[in-house]
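See below for the structure under consideration.
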Amino acid sequence: MNIKMKLAALSLAAGLALSGCAAGTTASSTTDSSATTTSSSASATATESAAGSTIGTGTPLEGGMPAGGPGDGVDASSVTTEDELIALIQEAYGDAGLDLHRGHMPVQDVLDEVLTISHEELHVRMEAGQNLSDIADELGVGTQTLIDALVESWSPAIDNLLASGTITQEQADAYAAALEEAFTYRVTWDGEEATPTFDGFTA
């Protein structure tokens, strides 16, 4: 009787031990799986965060650029109608609310190439009361050189319409003169004169 009881007790103990091991293995497996999932989730989150940062900002921003003109630079070669050309010439006058250069974005490439100074320095000079004409002259570039470069950069808009037959040579000459007038106004602006309105030419 005692032997049977001992054997039963041993069997019960062995069963409990095996059950405990199985439970421990299951818990460990669950914990490991959870940790793996958490790690994978964290890794995915980090990857998404990094990707979001790249997608959200595009190319890295260059710090501290002073306020300038809105939008991107003008692609004069994309002008395909006379109405678009008229709008382009109006844009050449610039925006009076955007400092003495009347907005830098549409003409930044030309300003960089001709004046060969940074946009920050350009603003320092404008804050001292210089307009684009003053700056060009002080740098030894010359006002007319700057105006000519600006006109040349947007002239493809006129050339393309002439080539396509949208405007005549006479009209092209008149639009070229209007474009030069607009850029002359922009470069020599005194900070007070009202912006002219260009509506094209009457037939």
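Counting with mature numbering (1 follows the signal peptide of the UniProt record, and there is no 0), you get residues -22 to -1, 1 to 181 for the letters of the sequence shown. Beta carbons are placed, not taken as given, at the ideal position from N, Cα and C, and that holds for glycine. The model shown is predicted, which means the values in this text are computed figures rather than measured ones.
Asked	Found
Where does residue 121 sit, in a helix, a strand or coil, going by DSSP?	helix
Which whole-angstrom value is the C-beta distance of residue 95 and residue 156, which I expect to be below 8 angstroms?	About 29 angstroms separates the two Cβ atoms, so there is no contact after all.
What do you get for residue 161, buried or exposed, if any count of 16 or more other CB atoms within 10 angstroms of its CB means buried?	buried
From residue 103 to residue 142, what does the alpha carbon distance come to, in whole angstroms?	42 angstroms
Run through DSSP, which three-state label would residue 62 get?	helix
Does residue 158 pass the burial test, meaning 16 or more other C-beta atoms within 10 Å, or should it be called exposed?	buried
Give the DSSP-derived three-state secondary structure of residue 153 in the structure shown.	helix
For residue 134, I'd like the list of residues in its chain whose CB is within less than 6 angstroms of its CB, leaving aside the five on either flank, ordered along the chain.	54 and 55
Does the beta-carbon distance from residue 125 to residue 153 come in below 7 angstroms?	no
Which whole runs of the beta strand (DSSP E) in the region 65 to 122 are 3 residues long or more, in chain order?	none
Here's the rule: buried if 16 or more other CB atoms are within 10 angstroms of the residue's CB, otherwise exposed. What is residue 31?	With a pLDDT of only 31 at residue 31, under the threshold of 50, the placement of this residue in the model should not be trusted, and no figure is reported.
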